[in-house]
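First up is the structure itself, then whatever we jot down about it.
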Amino acid sequence: MINTLLLIIIIAIGIIIKSSQQIEIFNNATYALGLIMLAGYISGDLVKKIKLPSITGSILAGILVGPFGLELISIKNVDDLQLLNGLALSIIALTAGGEIKLAGFKKNLKTINYILLFQTLIILVGITFVIIIFKDFFPFISNLGIQSIVAAGLLVAIISTASSPSTTLAVIVETKKRDRYTELILSIVMLKDVIILFLFCIGLNIAKILTKSNMINKNIVFNTFFEISGSLISGIVIGFIIVVYLKFIKKDRIVFILALSFFSFEIFEPLHLHTLLIMMIAGFVVENFSSEGDSLMKTLELISPPVYIIFFTLTGAAINLKYFKSLWLLTIIIVLFRALFKYVGTYIGSAFAREEKIVKKHLWISFLSQAGLSLGMAKIIENNFSFFGENLAVLIISVIVVNQIIGPPLLKLFLDKPKEPEIKDP
Amino acid sequence: MKTLIAFGILLFIALIGSIKLFNKIKVSSCFAYILYSGTIYVFFGLIVGENGFNLISKDIIHQLAPLINFSLGWVGFIFGLQFEIKYLKRIPKNWYLTLPFTYLTSFFTIVLFSFIIFNYIFDGLVQTIEIALGMSFVLAILLSESSVSFISWSSKFLKKEFLGIRICFFISAINNLIPIILTGVIFSLYKYVPASNIISLNAPKNILPHFFIQLMIGILSGFFMFYLVKKITNKLEISAVLFGTIFFISGLSLMFHFSPLFVSMLCGVIFSNLTHRHSYFIKILNPTEKPIYIIFLIFLSLKKAIFNKYIIFIAIFLLLVKFSSKLFTFKSLNKTKLSPFNISPYFSYILLPISSIAPAILLDLLCSYPQHSSSIAQGIFIIALIISEIFSPLGIKLLKIRSKND
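Protein chains in written order, with the numbering used here: chain A, 1 to 426; chain B, 1001 to 1406.
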């Protein structure tokens, strides 16, 4: 009750400030960040009462107060605060890497491989066919030749394969569940990100060939290989730096992790290396190849709540529901078929790995959320395909919006499901 | 991108500073104290910033302003958190009656002399009598302050002077509280018009309402924060809510031309007295104080300040005024029946350094009044800070000698 009242007070203050129409002072990043954190936290706390994960509340709060909702913060505010997203993403990735234990990873390797293989294959083929079959529902490609339709289908399919590591991790951290299933989910989601980077580069070139675009980049696969191997090496180096600091200097770990995350994002992004991957590897190295894993995870736990609130509320603030409004039917078609293919892929993969019933039947709901990487790819499509790029990007963003809203509660649902107790090795 | 790198650099430096590499140095020299207090970072800022090699551009400094704005609020809040009535009641009442004079005498004397300097001697430095008066107030607020960290450092060398040190700690707490309140008053007295880059006095009818609104926002946000964290037991969630509220208050303060330091301090005082988990919050928040303080020192010296022979003269002169007025107050208090103690007036020597809340106050003013006269105040403050710290160990030695002779 008191939290609802406090949320109303904050929104009322925001409305008063907005109505003062002093645009110069309205573009105040400190105020916007405070508003985002408070609204994000309180909403997160409110939705917890109806058993939803708090990040769903933060995302909804972001939509509400953001520039496409009540406009309590401006687009400039959101753009300014995107700087913090880099920091947040680095910290989230570091935590995700630290959550994966080598022993558990080895134990789950068969299941991980099969699920990854079948999910990726089935979604790639399935979504491409859905786009071809339902082409008349997509006005911006229906008049194009079959090759362009296949190209569009392939691009949507590749992006549909992705899940969001940051959202997955945030829900896992919130539920405080650490078991075989959480490790399985995180490993699949993170490895999938690496695979998708490759797939997207190849898919982009195929799509360009199919649409007879003259902007084909022959070195794209080589560049991707360079970027990923560079990221792996950088991740190991960053991991080593963290180990040395935590082992020998020890003091002010929070400041160290914050500074390192700032640096990593800002140094590696311009080099076209993948900060997400680098920090995941770094976390993995510290956790599995040193004695400082616990120390790192404890430090990250101290930073994570504000980081998650800022990150997901900002994600919500950047969501423009007008995309969904204009393409709601197509969005629902893609969302439903993506979910269906995730289910089929996970089921067949788990069956091959001889997994238990709960994994076969229900694990798929853990892979529905979509965020950062997919949005980035949508932007690339928009810039590369003049015939359908813009509309296709709008459709993809619209699908991501829906998946990002339904994904976290469904993941929580899976994590909350009663499972058979784990049998420990003697 | 450059903004983040710059902030990263600041954080790294703050980190190295907070490691306290130099804590083990026991030598009572000015070099040791400059390392201990963090003033070394002022030199660093002077070298890499706009006053030196300009390695960090004006744009980056400008873009870091929101983070400084938040840090000011954060420091104000932590400072306010220490004013728990339960604890304050333990201090003898007559201390409250007498010890504020140690600040106020210096304050009014410096106001008087500064005003004479700016209005009659170096009248070319500032444009109007209003600004001369404002500058005098600002310099008096800053220079009358006493450094807590120096008293803490002095206590290592003055172990026998327990009562004197305890009183000096109390005095320095007052010498930090009053300046923050006066900063709130300055924000109500003076307005800044960005379009014309002019600082002018507020209309008299607006001064009291402005101050009252600052006061109310601080108090109400204290209640707001209390109700928000009342039921939270998770330390991590508490930090998120505290961060959010301080960001919100600091942002609001910046929008409506309030002092984030003053408003957040009020929030901290109210929150501190409502919550039952006071020591718990202090434990969570205290580790953040040192890195933020170092960031302030660097940022303060990064920004373009005015340095010339007049500025150096004014800084030295005002330090002498401060020194004499503190000594005079101690001697006078000892003679009155009001005084609750009889300590050596030479304890005023260790109240000379000025590096506690003063850098934060100056930054607060620089952010809200980005004008030529603020750069003059900044120059005078930096010179005074360095000089006062260079001579600070001498204060301990003199105090020791005088105490022995007495």
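Each residue gets a CB set at the ideal place from its N, CA and C atoms; glycine is no exception.
When you compare each of the options to residue i by their alpha carbons, which one comes out closest?
i, options, result
"Tyr181(A)", "Ala93(A), Met377(A) and Thr111(A)", "Thr111(A)"
"Ile1165(B)", "Leu1064(B), Phe1347(B), Ile1282(B) and Val1263(B)", "Phe1347(B)"
"Ile1171(B)", "Thr1329(B), Ile1295(B) and Ala1065(B)", "Thr1329(B)"
"Phe1044(B)", "Ile1357(B), Phe1313(B) and Phe1299(B)", "Phe1299(B)"
"Gly14(A)", "Ile42(A), Leu72(A), Leu38(A) and Gly44(A)", "Leu72(A)"
"Ile431(A)", "Pro306(A), Ile233(A), Gly40(A) and Phe262(A)", "Only positions 1 to 426 of chain A appear in the structure, and residue 431(A) is not among them; the question remains open."
"Asn320(A)", "Ser19(A), Ile8(A), Leu60(A) and Leu33(A)", "Leu60(A)"
"Ala1240(B)", "Ala157(A), Pro305(A) and Phe118(A)", "Pro305(A)"
"Ile159(A)", "Val194(A), Thr175(A), Ile267(A) and Gly57(A)", "Val194(A)"
"Gly1275(B)", "Ile1180(B), Phe1243(B), Asp1364(B) and Phe1083(B)", "Note that residue 1275(B) is Thr in the sequence shown, not Gly. The residue with the shortest Cα to Cα distance from Thr1275(B) is Phe1083(B)."
"Val1048(B)", "Gln1214(B), Lys1304(B) and Phe1317(B)", "Lys1304(B)"
"Lys1322(B)", "Asn1175(B), Leu1254(B), Thr1098(B) and Leu1133(B)", "Asn1175(B)"
"Phe341(A)", "Ile122(A), Tyr308(A), Ala162(A) and Asp136(A)", "Ile122(A)"
"Ser1290(B)", "Leu1215(B), Ile1357(B) and Ile1217(B)", "First, the amino acid is wrong: residue 1290(B) is Lys here, not Ser. Measuring from the Cα of Lys1290(B), the nearest candidate turns out to be Ile1357(B)."
"Ala1315(B)", "Tyr1033(B), Ile1382(B) and Lys1160(B)", "Ile1382(B)"
"Ile242(A)", "Glu266(A), Leu197(A), Met297(A) and Leu84(A)", "Met297(A)"
"Leu1363(B)", "Leu1133(B), Ile1306(B), Val1185(B) and Ala1377(B)", "Ala1377(B)"
"Arg1402(B)", "Lys1093(B), Glu1161(B), Leu1142(B) and Leu1133(B)", "Glu1161(B)"
"Phe1101(B)", "Ile1270(B), Glu1237(B), Asn1273(B) and Ala1173(B)", "Ala1173(B)"
Where do the N-terminal and C-terminal ends of the alpha helix (DSSP H) with residue i fall, by residue?
i, result
"Lys1086(B)", "Ile1085 to Leu1088"
"Tyr1280(B)", "His1278 to Leu1285"
"Tyr347(A)", "Trp328 to Phe352"
"Asn403(A)", "Gly389 to Asp416"
"Glu183(A)", "Arg180 to Leu210"
"Asn108(A)", "Leu102 to Ile133"
"Ser148(A)", "Ile146 to Thr161"
"Phe1043(B)", "Ile1040 to Val1048"
"Ser1272(B)", "Pro1260 to Leu1274"
"Lys360(A)", "Lys357 to His362"
Exposed or buried, what is residue i when buried is set at 16 or more other beta-carbons lying within 10 Å of its beta-carbon?
i, result
"Gly1124(B)", "exposed"
"Val1027(B)", "Residue placement at Val1027(B) is poorly supported in this model, since its pLDDT is 41, which falls under 50; the coordinates are not used for a value here."
"Arg1277(B)", "exposed"
"Gly145(A)", "exposed"
"Asp79(A)", "exposed"
"Lys1024(B)", "Because Lys1024(B) sits at a pLDDT of 44, beneath the cut-off of 50, its placement in the model cannot be relied upon, and the following sentence gives the value as read from the coordinates. Answer is exposed; the Cβ neighbour count stays below 16."
"Phe414(A)", "buried"
"Leu1320(B)", "exposed"
"Ala93(A)", "buried"
"Arg253(A)", "buried"
"Ser19(A)", "exposed"
Which residue comes first and which comes last in the beta strand (DSSP E) that contains residue i?
i, result
"Ile319(A)", "Element bounds for Ile319(A): n/a, residue is neither H nor E."
"Ser1200(B)", "Ile1198 to Leu1201"
"Val1193(B)", "Tyr1190 to Val1193"
Answer yes or no: does any C-beta atom of chain A fall closer than 8 Å to that of residue i?
i, result
"Asn1069(B)", "yes"
"Glu1237(B)", "yes"
"Tyr1227(B)", "yes"
"Asn1023(B)", "Because the pLDDT of Asn1023(B) is 46, which lies under 50, any placement of that residue in the model is unreliable, and the question is left without a value."
"Met1001(B)", "Model confidence at Met1001(B) stands at a pLDDT of 43, short of 50, so the residue's coordinates are unreliable and nothing is read from them."
"Phe1122(B)", "no"
"Gly1218(B)", "no"
"Leu1320(B)", "no"
"Pro1291(B)", "yes"
With a Cβ-Cβ cutoff of 8 Å, do residue i and residue j count as a contact?
i, j, result
"Leu210(A)", "Ser148(A)", "yes"
"Phe311(A)", "Tyr114(A)", "no"
"Ser1374(B)", "Gly1080(B)", "no"
"Gly44(A)", "Gly34(A)", "no"
"Ser366(A)", "Ile400(A)", "no"
"Ser369(A)", "Thr120(A)", "no"
"Cys1367(B)", "Ile1091(B)", "no"
"Trp1153(B)", "Tyr1349(B)", "no"
"Gly1076(B)", "Ile1180(B)", "yes"
"Ser231(A)", "His274(A)", "yes"
So, is the C-beta of residue i closer than 8 Å to a C-beta in chain D?
i, result
"Met1255(B)", "Protein chains in the displayed structure are A and B, and chain D is not among them."
Taking 8 Å as the threshold (beta carbon to beta carbon), is residue i in contact with chain B?
i, result
"Ser304(A)", "yes"
"Thr167(A)", "no"
"Ile2(A)", "yes"
"Ile91(A)", "no"
"Met297(A)", "no"
"Met280(A)", "no"
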